[in-house]
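Undergrad: Dropping a structure here in structure tokens format, bear with me for questions.
2 protein chains.
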Amino acid sequence: MNIRSNPDNTRPAVTTGSLPASRKIFATPEAAPDLRVPLREIILSEGAGEPNLPVYDTSGPYTDPAVTIDVNAGLPRNRLAWVKERGGVEEYQGRDIKPEDNGNVGAAHAAKAFTAHHKPLRGLDGHKITQLEFARAGIITKEMIYVAERENLGRKQQLERAEAALADGESFGASVPAFITPEFVRSEIARGRAIIPSNINHAELEPMIIGRNFLTKINANIGNSAVTSSVEEEVDKMVWAIRWGADTVMDLSTGRNIHTTREWILRNSPVPIGTVPIYQALEKCDGDPVKLTWELYKDTLIEQCEQGVDYFTIHAGVRLPYIHLTANRVTGIVSRGGSIMAKWCLAHHKESFLYTHFDEICDLMRKYDVSFSLGDGLRPGSIADANDRAQFAELETLGELTKIAWDKGCQVMIEGPGHVPMHKIKINMDKQLKECGEAPFYTLGPLTTDIAPGYDHITSGIGAAMIGWFGCAMLCYVTPKEHLGLPDRNDVKTGVITYKIAAHAADLAKGHPAAQLRDDALSRARFDFRWQDQFNLGLDPDTAKNFHDETLPKEAHKVAHFCSMCGPKFCSMKITQDVRDYAATLNDKEQGMAQMSAKFREMGENVYLDADKVKESNRVF
Amino acid sequence: MNIRSNPDNTRPAVTTGSLPASRKIFATPEAAPDLRVPLREIILSEGAGEPNLPVYDTSGPYTDPAVTIDVNAGLPRNRLAWVKERGGVEEYQGRDIKPEDNGNVGAAHAAKAFTAHHKPLRGLDGHKITQLEFARAGIITKEMIYVAERENLGRKQQLERAEAALADGESFGASVPAFITPEFVRSEIARGRAIIPSNINHAELEPMIIGRNFLTKINANIGNSAVTSSVEEEVDKMVWAIRWGADTVMDLSTGRNIHTTREWILRNSPVPIGTVPIYQALEKCDGDPVKLTWELYKDTLIEQCEQGVDYFTIHAGVRLPYIHLTANRVTGIVSRGGSIMAKWCLAHHKESFLYTHFDEICDLMRKYDVSFSLGDGLRPGSIADANDRAQFAELETLGELTKIAWDKGCQVMIEGPGHVPMHKIKINMDKQLKECGEAPFYTLGPLTTDIAPGYDHITSGIGAAMIGWFGCAMLCYVTPKEHLGLPDRNDVKTGVITYKIAAHAADLAKGHPAAQLRDDALSRARFDFRWQDQFNLGLDPDTAKNFHDETLPKEAHKVAHFCSMCGPKFCSMKITQDVRDYAATLNDKEQGMAQMSAKFREMGENVYLDADKVKESNRVF
């Protein structure tokens, strides 16, 4: 079921098919019965004694056996109708693709163009276009209904069945409701506390929401560079990243073929795509930051708005007066976008054009409902530089810009660091909430130490889990290759799984009402020795199964009531049934206990006889 | 330099040789010039412009080119003289090895015995034997002097050179001094806040200290099981674990050859070895917990005391009245030792013999200075069971037992969970400090979610970093194989590196005065494009280098002033020199700035010309 399909031998090949023991199901929201909201149902073994578990599904049509994937044609453009039916948009010819859009690549190195061309839409003056504008007007869009259904994970029935109160977390002032309604989604968007990144030209999108009162999300970065990689690899990585749970994907391509790569990715992506437009703008002026102009940058924004990019990282907070604050840092300015703008400001001795033209940028992005991801160009690049004046000065400016963008009707999230030791993480989160009016925070890690190149998914997974708990809405993954090279397919998967762990640990600690259902289902499977269920309920069933099989490869062992840690002679799990029997006698006092202890003595050597009884007693539903 | 030596073709083979760019150096404490305290010096590249970095070294003689390793003979027994010279001990014949000590293994499956036999020592009545007894009497032992020197990492000179105050952490009430003195070590041991696990019969030991005011330590579990593994593999794993930074190793062997395996490990281990004696006792009664007796257990303790085990996990807090508290758990009792004792208590309807004979256990362990690791037999095995009444009832009893052991002169640490969501971790730590009078806490993870079998080094690395920050003194590693199988060599390394990350992140956040020196040295190397230094200063130079070479394999690229992320045309690092030049003009105001911006414009396309200048300006020493 895990096939890298390449049916007609044309590139790119991508991975399709279900995850192990999984079935794609669709929920139909009451408020919009024409919507089909995907979930993945994990199918438990026959004797599990509890229902299958529905989980959030980011993988799009690639895991739907009912859909024939044709990467050359792109995904179905279902969302086009939603945008058109609410009006206020016009189809138009759009900007012509110029040679510089692909870095003036020669014919020999040009990537194959994506065949289909869709004329772009843009908003008309005087009409509502963005999700923020609709939300403020009290209008619930299909996107809002879709994400409300999606966030609930079919958990209503499950929560009703579970006896214990599951949510006992510490949310640090977040307000996660028991059930997400479309109206709640609308109200969170209206107050700027959540966004649905959804360019009107990204019709292939399955909408998702980013905000601290929703499930914690993760982003995976992909993209070729001037040194390595190809279009094919990047499309494959995107599909691979969402298979394992990436909620959004950023295309950080540099070098040549940048427009074409992005087109292939967008047309095949069911998740929001983010970019850093200054990267492409820089390629258009031969990589020399000094030659950048507002006109060149604006033209790049239009190009990407028309393609359907859902959010733009814009480093408008890197202001001329802040740049000297980085002079004594150990690692100066490490954000690529930040250093491009710093270079420009210094060379021209002028305020950043991103800052001076911020109003115009808002007006442009609003027409397509491209969300802002206000970039942290002055983020720390080392433990030594964390939470310094440069970082916080920029963050204060991002707060100012958030308000401007909101006034213009644009959706906004805020990017954050980077490298931060554990004791400085909450200070970061709290300052962001305060300065930026609770606009969603979107951080890279943060890495909690600098001493482990090759393991920065782990140094940063620690920080990501913590900042997610403290209120961060989306965690940008870090792969094992961070600081060393570009991630390959395996690195992408490792990064995604690590960040799914961080995001889920954060949801648990915040007291997200549905989060613990999966932990509990897996723990019951583990305790019942339902090995296959344990594998399948995990984030990476393939790896779990392979690890188990390294020690006990025989098929029979996967139903065995023991594991390689204790071996077949003794099992701590079995003792539990004795404990339960014993606890039951406590009311009968001495007589019952004496009988039970005689029984337990007798059972001493035969701890497996009653394995089924253990299993039975573990059933909660 | 990384050789799995097997010189005369006799097993076991172990890995010897230095880590990359590393040299073993020895510090000589003023208070005891005959001691040689090992450090690893990381040798920086010629143009680094800063001194080599000394780091803590757990690897023992295996990385010392001056020592010829002969696993069949064992390590030099240097510590024997320290023990003998302070007196109060006698050499005696010791207990004979019995067939049951190795599970009555037949000749066909018997492991090769360790050749050399050393008569055991034991303490004489009326004399001080344990580090705690010496400390209370105001006597500073060689072990205390050794660990004081070891904890300082040669950092005095470095801290004097560093301009900034490095320690700005939040220590939650810990009191980490700027420099560790032997007297500080003594006082911490005297008040029970730290231990030096150091059986008088483990003469191969290089002493180390466990306590919240010292560097956070990590433990690696090894051991064969009834199902898999061999003596050879376990000795190899021990050497491999300490090579990457394990501060102590627990031998959790079960099945046959358990005595012989332990002998091989002890005679070749420079780090403290811990065991769970009930595992071996269980093997001696055919795996049937009901047949366990105090006499059998006591005999096993003597056997292991004489061999030189440094600390024993003893689950004396699993009391009969607590067992029914686990009846409604999702995962019951998951500690192997805990469930063995629960089974025994229920079968006999009696209080645990570990609890009723606790005084005698103390008297026995005191004679050899074996430290207690009071086991958490009722630790939670799932998120659902965290911080429940069963766990806390046991913890309260562990506090009671701590005071008894202290009164008897024994060193004590306390074991902790397990599976705990992030918001419940600090509650655990705070309760342990309160109940157990600040005795060192030693936790397994904790895992912050149950949903990622195959990645539990990461789910638990998050919790380990946090509880280390909050005050946990030693972190027991979890490998990727947790819940699935026994760790192999690669898993051991992954577990150790992950936990070194967690421990170091904790030290940074606590404000340990020397911790940030390594982060800063690595960050400077990174920023200067000193690739080799970046690799070598990391926890795993081999992996970092391999990852880098996957993208940019050419040797020349390791001195290149660019990386695969940005490519050769543009580099954010270079911008920093511009920023510094600009900052320097701020005093001269407009004229200087105009000149500088003209210069930056000119330099636009040639960002690499001044790479040496960037490097120069990064030198802090």
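Protein sequences, first through last, are from chains A and B. Each residue of the first sequence is one higher than the one before, starting from 1 at the first, in the UniProt record's numbering. Each residue of the second sequence is one higher than the one before, starting from 1 at the first, in the UniProt record's numbering. We put the CB at the ideal spot given by N, CA and C, even for glycine. Quick caveat, the model's predicted, so the values are computed rather than measured.
Step through the CB atoms of chain B and report whether any lies within less than 8 Å of the CB of H127 (chain A).
TA: Here residue 127 (chain A) is taken as the residue at index 127 of the first sequence, counted from 1. With respect to chain B, the C-beta atom of H127 (chain A) has no partner C-beta closer than 8 Å.
Undergrad: Checking contacts by CB at 8 Å: is residue 630 (chain B) closer than that to chain A?
TA: With chain B covering only 1 through 621, there is no way to say anything about residue 630 (chain B).
Undergrad: Between P33 (chain A) and K84 (chain A), what straight-line distance do the alpha-carbon atoms span, to the nearest angstrom?
TA: Locating residue 33 (chain A) in the first sequence gives position 33, counting from the first residue. Locating residue 84 (chain A) in the first sequence gives position 84, counting from the first residue. For P33 (chain A) and K84 (chain A), the distance between alpha carbons rounds to 18 Å.
Undergrad: What does a CB cutoff of less than 7 Å around S394 (chain A) pick up in its chain, not counting 5 residues either side in sequence?
TA: Walking along the first sequence from the start, residue 394 (chain A) turns up at place 394. The residue asked about is misnamed: residue 394 (chain A) is Glu in this sequence, not Ser. Answer for E394 (chain A): G317, V318, Y322, D376, G377, L378, listed in chain order.
Undergrad: Residues of chain B with a CB under 9 Å from the CB of I222 (chain A): which are they?
TA: Indexing the first sequence from 1 puts residue 222 (chain A) at position 222. Near I222 (chain A) there are no residues of chain B at all, since even the closest Cβ is about 13 Å away, more than 9 Å.
Undergrad: At 8 Å on the CB atoms, spell out the chain B contacts of G169 (chain A), in chain order.
TA: Residue numbering aside, residue 169 (chain A) sits at position 169 when the first sequence is read from its first letter. The answer, in chain order, is P421, H423.
Undergrad: Spell out a yes or no on whether the stretch 533 to 552 of chain A and the stretch 276 to 291 of chain B are touching, meaning 3 or more CB-CB pairs, one atom from each, closer than 8 Å.
TA: Contact between the stretch 533 to 552 of chain A and the stretch 276 to 291 of chain B is absent: fewer than 3 CB-CB pairs across the two stretches fall below 8 Å.
Undergrad: Three-state secondary structure (DSSP) at S22 (chain B)?
TA: Stepping through the second sequence from its first residue, residue 22 (chain B) is reached at position 22. Strand.
Undergrad: Run through chain B and tell me which residues come within less than 7 Å of T543 (chain A), C-beta to C-beta.
TA: By 1-based counting over the first sequence, the position of residue 543 (chain A) is 543. Per Cβ cutoff of 7 Å: G454.
Undergrad: With a CB to CB cut of under 6 Å and the five nearest residues on each side skipped, what residues in its chain are close to A203 (chain B)?
TA: In the second sequence, residue 203 (chain B) corresponds to position 203, counting from 1. Only R77, R79, L80 meet the Cβ criterion.
Undergrad: Drop a sphere of 10 angstroms on the beta-carbon of E188 (chain A), count the other beta-carbons inside from all chains shown, and report buried for 16 or more, exposed for fewer.
TA: Position 188 of the first sequence, counting from 1, holds the residue named residue 188 (chain A). So E188 (chain A) counts as buried.
Undergrad: Measure the Cβ-Cβ separation of M422 (chain A) and F470 (chain A) and say whether it is below 8 Å.
TA: Taking the first residue of the first sequence as 1, we reach residue 422 (chain A) at position 422. Taking the first residue of the first sequence as 1, we reach residue 470 (chain A) at position 470. Taking 8 Å as the Cβ cut-off, M422 (chain A) and F470 (chain A) do not qualify as a contacting pair.
Undergrad: In the DSSP assignment, the alpha helix (DSSP H) including I427 (chain A) goes from what residue to what residue?
TA: Walking along the first sequence from the start, residue 427 (chain A) turns up at place 427. Residues 425 to 435.
Undergrad: Should R389 (chain B) be flagged as near chain C, meaning a C-beta pair shorter than 8 Å?
TA: As a matter of chain content, chain C is missing from the structure shown, whose protein chains are A and B.
Undergrad: Just checking, does the stretch 245 to 254 of chain B make contact with the stretch 268 to 278 of chain B on the three C-beta pairs under 8 Å criterion?
TA: yes
Undergrad: Hey, could you find the ends of the beta strand (DSSP E) S335 (chain A) is sitting in?
TA: On the first sequence, position 335 is the one that residue 335 (chain A) refers to. Element bounds for S335 (chain A): n/a, residue is neither H nor E.
Undergrad: Would you kindly report the start and end of the unbroken alpha helix (DSSP H) that includes P182 (chain B)?
TA: One-based indexing of the second sequence puts residue 182 (chain B) at position 182. Note, P182 (chain B): alpha helix (DSSP H), 182 to 190.
Undergrad: Please decide whether L19 (chain A) counts as near chain B, where near means a Cβ-Cβ distance under 8 Å.
TA: For the purposes of this step, residue 19 (chain A) is identified with residue 19 of the first sequence, where counting begins at 1. No, L19 (chain A) does not count as interfacial toward chain B.
Undergrad: Which of the three DSSP states is assigned to G106 (chain B) in this structure?
TA: Reading the second sequence from its first residue, position 106 is the one you call residue 106 (chain B). Correct three-state label for G106 (chain B): coil.
Undergrad: Taking the beta strand (DSSP E) that N221 (chain B) falls in, what are its first and last residues?
TA: As a working mapping, residue 221 (chain B) is identified with position 221 in the second sequence. For N221 (chain B), the enclosing beta strand (DSSP E) stretches over residues 217 to 222.
Undergrad: What residues of chain A sit near Q534 (chain B), judged by a beta carbon separation below 9 Å?
TA: The count along the second sequence starts at 1 and reaches residue 534 (chain B) at position 534. Correct list: P453, H483, L484.
Undergrad: Is the separation between the beta-carbon of E206 (chain B) and that of G60 (chain B) shorter than 8 Å?
TA: As a working note, residue 206 (chain B) is residue 206 in the second sequence. As a working note, residue 60 (chain B) is residue 60 in the second sequence. Cβ distance < 8 Å, so E206 (chain B) and G60 (chain B) count as in contact.
Undergrad: Excluding the five sequence neighbours on either side, which residues of its own chain have a C-beta within less than 8 Å of the C-beta of I427 (chain B), listed in chain order?
TA: One-based indexing of the second sequence puts residue 427 (chain B) at position 427. Same-chain partners within the cutoff: N387.
Undergrad: On the criterion of 16 or more Cβ atoms from any shown chain inside 10 Å, does L398 (chain B) qualify as buried, or is it exposed?
TA: Position 398 of the second sequence, counted from the first residue, corresponds to residue 398 (chain B). By the C-beta density criterion, L398 (chain B) is buried, having at least 16 other C-beta atoms within 10 angstroms.
Undergrad: Excluding five sequence neighbours on each side, which residues of the same chain lie with their C-beta closer than 7 Å to the C-beta of R526 (chain A)?
TA: Counting from 1 along the first sequence, the entry for residue 526 (chain A) is found at position 526. For R526 (chain A), where only same-chain residues beyond five positions count, the Cβ hits under 7 Å are Q534.
Undergrad: Just the Cα atoms here: how many angstroms apart are P440 (chain B) and R193 (chain B)?
TA: Here residue 440 (chain B) corresponds to residue number 440 of the second sequence, with the count starting at 1. Here residue 193 (chain B) corresponds to residue number 193 of the second sequence, with the count starting at 1. Between the alpha carbons of P440 (chain B) and R193 (chain B) lies a distance of about 6 Å.
Undergrad: Residues bridged to V55 (chain B) by DSSP?
TA: Position 55 of the second sequence holds residue 55 (chain B). Answer by DSSP bridge pairing, in chain order: B:R40.
Undergrad: Would you grab the beta carbon distance between Y499 (chain B) and A464 (chain B) for me? Rounded to a whole angstrom, and I think it's under 8 Å.
TA: In the second sequence, the residue the question calls residue 499 (chain B) occupies position 499. In the second sequence, the residue the question calls residue 464 (chain B) occupies position 464. Their Cβ separation, rounded to whole angstroms, is 6 Å, which keeps Y499 (chain B) and A464 (chain B) in contact under 8 Å.
Undergrad: In terms of residues, what are the limits of the alpha helix (DSSP H) holding R243 (chain A)?
TA: On the first sequence, residue 243 (chain A) is found 243 positions in, with the first residue counted as 1. That run of the alpha helix (DSSP H) goes 231 to 244.
Undergrad: Please decide whether F353 (chain A) counts as near chain B, where near means a Cβ-Cβ distance under 8 Å.
TA: Looking up residue 353 (chain A) in the first sequence gives position 353. So no, F353 (chain A) is outside the interface.
Undergrad: Please return the same chain residues whose Cβ sits closer than 6 Å to the Cβ of L19 (chain B), not counting the five positions on each side in sequence.
TA: Residue 19 (chain B) sits at position 19 when you count from the first residue of the second sequence. Contacts found: none.
Undergrad: Does the Cβ of V14 (chain B) have 16 or more other Cβ atoms within 10 Å, making it buried, or fewer, making it exposed?
TA: Reading the second sequence from its first residue, position 14 is the one you call residue 14 (chain B). It counts as buried.
Undergrad: Tell me which residue opens and which closes the beta strand (DSSP E) that R122 (chain A) is part of.
TA: Counting from one through the first sequence, the residue named residue 122 (chain A) turns up at place 122. From DSSP, the beta strand (DSSP E) with R122 (chain A) extends over 121 to 123.
Undergrad: Can you list, in chain order, the residues of its chain whose CB lies under 6 Å from that of R36 (chain A), leaving out five sequence neighbours each side?
TA: Within the first sequence, numbered from 1, the residue matching residue 36 (chain A) stands at position 36. Cβ neighbours of R36 (chain A) beyond the five flanking positions: F26.
Undergrad: Please determine whether the Cβ atom of R186 (chain B) lies at a distance below 7 Å from any heavy atom of the ligand ZN.
TA: Absence of the ligand ZN is noted for the structure shown, with no ligands found whatsoever.
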